[in-house]
Amino acid sequence: MDYSVPEVTSAEREFYGENLILLEGAISEFLSCMDMIRRYEVQLGNRDPVASSQTRIKSAESMRQKLQRLAFPVTAESAMKNVFDAAGVRLVCPFIQDIDRTAELIRAIPGVQIQTEKDYIRSPKPNGYRSYHMIVEIPVFFAKGKTPMRVELQIRTNGMDFWATLEHQLRYK
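Numbered by our numbering, the letters in the sequence shown go through residues 13 to 185 in order.
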């Protein structure tokens, strides 16, 4: 699994400022943990439950709009304190049972705390959207110590990912 951080624009660098390294660190730390778990699963003779992954830092414009919609101050500090999807990871699995297995493996990561879980697979949104969402808090380690950071996880199958991507493009682009 490639666990590089997503590319960001100057707008994100300007908006998030010194918090950007924390968001990037949270993504890297989570993907590094997942990489080791997946490799261990394969070593045990189990099938890798994750086919691919994608990462993103929420765009500055999207974050500003969300903060305004939620009536929070439009600042990086407010975003870090009040909105928990600035750092995002999408895990794409071959089958629905792989989603359940992946969520189970995530719940077992030492030091990772599950903040919320939403099952849009068994209870799809009215528009038909299906995915499993988790907000996790993961410690990010720096020379000055550790900082707990939140990451939004979306776990879905290839088919769900195709549908969600197409629906997003039709709705927002």
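C-beta: ideal position from N, C-alpha, C; glycine also.
Residue j and residue i - do their beta-carbons sit closer together than 8 Å?
i	j	result
M75	A91	yes
Y144	R119	no
E24	L32	yes
Q166	R102	yes
Q127	I111	no
So, under 8 Å CB-CB, residue i and residue j are touching, yes? Tell me the CB distance rounded to an integer number of Å.
i	j	result
D173	V104	5 Å
L35	A98	5 Å
R68	G100	5 Å
E164	F96	6 Å
Measure the C-alpha to C-alpha separation of residue i and residue j and round it to an integer number of angstroms.
i	j	result
T21	G157	28 Å
Q66	Y132	19 Å
S71	T159	22 Å
E116	A83	35 Å
V54	D47	11 Å
S135	Q80	28 Å
E19	N58	33 Å
E129	R162	13 Å
P138	N170	20 Å
Q109	N94	32 Å
A38	C45	11 Å
P85	R142	31 Å
Is any beta-carbon of chain B found at less than 8 Å from that of residue i?
i	result
I133	Among the chains of the structure shown, chain B does not appear; only one protein chain is present.
Pairing CB atoms from the stretch 122 to 129 with CB atoms from the stretch 149 to 157, are three or more of them under 8 Å?
-> Taking a contact to require three or more Cβ pairs closer than 8 Å, the stretch 122 to 129 and the stretch 149 to 157 qualify as touching.
Is it a yes or a no for the stretch 22 to 31 touching the stretch 65 to 80, going by three-plus beta-carbon pairs under 8 Å?
-> Enough Cβ pairs lie closer than 8 Å, so yes.
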